[in-house]
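Report on the structure given below.
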Amino acid sequence: MSIEIEKATLESACKEMIETILLCLPNAFKGTIYRMGRPPELVAERITSGVLSDLRKASISWGLPERSEYNPPGKPWLEYRDEPGRPLEAMAWCVERQKSWTSEDPEKDIRSVRLQVDGTSEDSHHMEPVLVRKSDLLLDINDSVQYPANLEGKMIWEESEFVVVAVIKIHFRPYTIQMGSPETKVIKKLSRSLGTQLLSYQLRQDSLRAMQKLAKDRLDACNILADSLRNAIMKTGLIFSLVKQEIGFLRDQWEQLLLDELKEKNAKVEAIEELNDILRGVIGEAHPFSEDLLGVQKRFLELSLHPVKAENWIVKQI
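Numbering (this note's numbering), first residue to last: 39 to 356.
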């Protein structure tokens with residue numbers, strides 16, 4: 039249960055959101071958006087970062103920092119959740135509690151990793167989770183999702199209607215941001231807009247995949263049906279041929295019964311025998327042409343054909 043769209047589409051949407059925030063908030067100068075992966079791993083991955091380099095020209099420099107634990111392939115939940123013996127992270131707060139985190143005073147930020155590790159402060163910043171309803175992402179109600187657990191072993195998001203699909207982080211000029219300030223409210227509203235946009239991309243991609251699968255299934259079904267029809271036609275043709283042979287055999291038997299009853303000779307046999315005698319008298323039985331013609335006439339006697347078809351067969355041999 040996560041946003042899984044094409045990288046280029048995701049990056050474009052994130053850049054558009056960062057640009058909107060930086061150009062709307064005069065005290066903001068840098069923005070980063072992280073994507074949350076599938077639960078229970080919940081890998082937090084930095085998608086892109088933008089720095090406002092020239093406010094007058096509205097110029098933004100894009101890219102990822104050279105070194106960051108959140109650069110691709112990202113950082114899994116078990117490595118950034120709250121645990122004793124390691125620094126607390128604002129990312130864990132936003133993901134687990136689905137609430138924002140505002141660093142008003144960087145020197146007193148209890149979730150500043152840099153401050154906890156080496157005693158240096160970071161920028162003033164605000165982090166906002168991007169929420170999407172579970173019911174919107176989980177299209178199949180039969181699917182089960184395993185959510186990650188916090189340090190106490192309690193599953194996060196279990197009682198929430200939402201999941202976190204991304205986190206927005208906006209850096210501000212020193213001491214210009216406060217909890218509940220207009221800037222944070224703007225970011226929260228824009229986070230909802232980003233969630234809706236990402237969801238629409240996800241649904242569109244899912245629809246395309248479903249259409250492609252349906253087209254493939256239809257093609258496979260057509261191929262199976264074609265094979266079945268082909269086999270049926272072949273079997274029907276064989277059966278029809280056998281039926282015709284059987285009918286021809288029965289016709290011969292019936293004709294023979296009539297001839298025996300009327301005490302008459304078989305005109306077909308007499309005609310062939312007469313032709314054979316003529317052939318032997320003219321060119322002899324040992325001649326190659328004579329052997330071929332005698333074989334054809336013998337074959338004709340063995341066939342059980344309808345009179346019309348028998349005539350056609352003779353014409354074809356001639």
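By construction, the Cβ of each residue, glycine as well, lies at the ideal position given by its N, Cα and C atoms.
Quick one: any contact between the segment 266-274 and the segment 288-299, if contact means 3 or more CB pairs under 8 Å?
-> no
Nearest to L176 by alpha carbon, out of I41, K347, R318 and G69?
-> I41
Nearest-angstrom Cα separation, counted from S229 out to F200 | 13 Å
What is the DSSP secondary structure of R318, counted as helix, strand or coil?
-> helix
Where M193 falls: helix, strand or coil (DSSP) = strand
When the cut-off is 8 Å and only beta carbons count, does R105 lie next to chain D?
-> Here there is only one protein chain, and chain D is not present.
Out of curiosity, what's the CA-to-CA distance linking G112 and M129?
-> 12 Å
Spatial neighbours of I59 in its chain, beta-carbon cut-off 7 Å, leaving aside the 5 residues before and after = A66, G69, I208, I225 and L228
Give a yes or no on contact between the segment 131-140 and the segment 161-176, applying the rule of three or more CB pairs nearer than 8 Å.
-> yes
Residue environment, T86, which counts as buried when at least 16 other CB atoms sit within 10 Å = buried
Pull up the distance between the alpha-carbon of R103 and that of I56, whole angstroms please.
-> A small fix is needed here, since residue 103 is Pro in this sequence, not Arg. Approximately 16 Å, taken between the alpha carbons.
Determine the burial state of R211: buried for a count of at least 16 other Cβ atoms within 10 Å of its Cβ, exposed for fewer.
-> exposed
Check the DSSP bridge columns for I206 and list the partner residues they point to.
-> I71 and E166
DSSP state of L90, grouped into three classes?
-> strand
Extent of the continuous beta strand (DSSP E) run through T158 = Element bounds for T158: n/a, residue is neither H nor E.
Helix, strand or coil at K303 according to DSSP, with G and I counted as helix | coil
Helix, strand or coil for S99, going by three-state DSSP, please let me know.
-> strand
Could you tell me whether the Cβ atoms of L80 and D174 are closer together than 8 Å?
-> no
Helix, strand or coil at S50 according to DSSP, with G and I counted as helix | helix
Taking only runs of the beta strand (DSSP E) that begin and end inside the segment 119-154, which ones reach a length of at least 3 residues, in chain order?
-> 139-141
Throw me the rounded Cβ distance for the A51 and Q235 pair, which I believe falls under 8 Å.
-> 6 Å
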